[in-house]
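Residue numbers are given in the UniProt record's numbering: position 31 of the sequence shown equals residue 31, and the series is strictly consecutive. Backbone N, C-alpha and C fix where the C-beta goes; we use that ideal spot for every residue, glycine too. Values in this document were obtained by computation on a predicted structure and should not be read as measured data. These notes concern the structure reproduced below.
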Amino acid sequence: MTITHHPDMSTLMAFSAGTFDEPYAVVIATHLAMSEGGRDIMHRLNAIGGALLDDEQETEMSSGALDRLLAAADQPDLPEQITPSSDVPLPLAPYLPNGLTSAKWKWSGPGVAICDLPTRDESSSRLMLLRVAAGRPVPEHSHGGQELTLILSGAYRDRFGLFGPGDIADHDEDVEHKPIAEMGA
Numbered sequence: 001m002t003i004t005h006h007p008d009m010s011t012l013m014a015f016s017a018g019t020f021d022e023p024y025a026v027v028i029a030t031h032l033a034m035s036e037g038g039r040d041i042m043h044r045l046n047a048i049g050g051a052l053l054d055d056e057q058e059t060e061m062s063s064g065a066l067d068r069l070l071a072a073a074d075q076p077d078l079p080e081q082i083t084p085s086s087d088v089p090l091p092l093a094p095y096l097p098n099g100l101t102s103a104k105w106k107w108s109g110p111g112v113a114i115c116d117l118p119t120r121d122e123s124s125s126r127l128m129l130l131r132v133a134a135g136r137p138v139p140e141h142s143h144g145g146q147e148l149t150l151i152l153s154g155a156y157r158d159r160f161g162l163f164g165p166g167d168i169a170d171h172d173e174d175v176e177h178k179p180i181a182e183m184g185a
């Protein structure tokens, strides 16, 4: 299945600028790992950002700033080596080191289960997996703010089209939809 749904341009710009909290950054990084087209868009945005930075006036750095930056870069916050399972893209691998089969699912309703993945930061955002049985709808809903939904496997359809592996739905509080998991996907 071809990836046809990508994040909004403002979402990609926020990711490029490093302003997302951990859950949002993981979702975007995972989409980019799955989407060559998404990576191409990201490379162009990063080039624009780099050109804008090149035009900025130089500013004197505080004493020891470079040493602090290099010391922080030497401190890994992830395990030395991550070997993703075949069903989990690399950016998501630290959260599911034994693959999707190791996810701790909790029943959320008929044919629906969720799995909250722990993150290291203290944000109010959640990194979670949602598993919906084929043919089951997720109740019509809106969002309390921005919501990113990335399809890892299977597919769903809503008023915005068909979303399959690698596709991402980037919705805000103005969107109401009723996704229905596809049969046989």
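Practice problem: Spatial neighbours of A133 within its chain, please: CB distance less than 7 Å, with the 5 preceding and 5 following residues excluded, ordered by chain position. | Solution: G111, A181
Quiz item: Taking C-alpha atoms, which residue in S10, G135, L152, G18 lies nearest to G99?
Solution: L152
Quiz prompt | Cβ neighbour criterion (16 or more within 10 Å) applied to D55 | solution = exposed
Practice problem: Note the first and the last residue of the continuous alpha helix (DSSP H) segment covering R68. | Solution: That run of the alpha helix (DSSP H) goes 65-73.
Quiz prompt | Secondary structure of I114, DSSP reduced to three states | solution = Per DSSP, reduced to three states, the secondary structure at I114 is strand.
Quiz item: Looking only at DSSP bridge pairs, what is K106 linked to?
Solution: I114
Exercise. Would you mind working out which of L130, H171, L150 sits nearest R159, comparing C-alpha positions?
Key: H171
Exercise. May I ask you to report which of helix, strand or coil DSSP gives L52?
Key: Three-state DSSP puts L52 in a helix.
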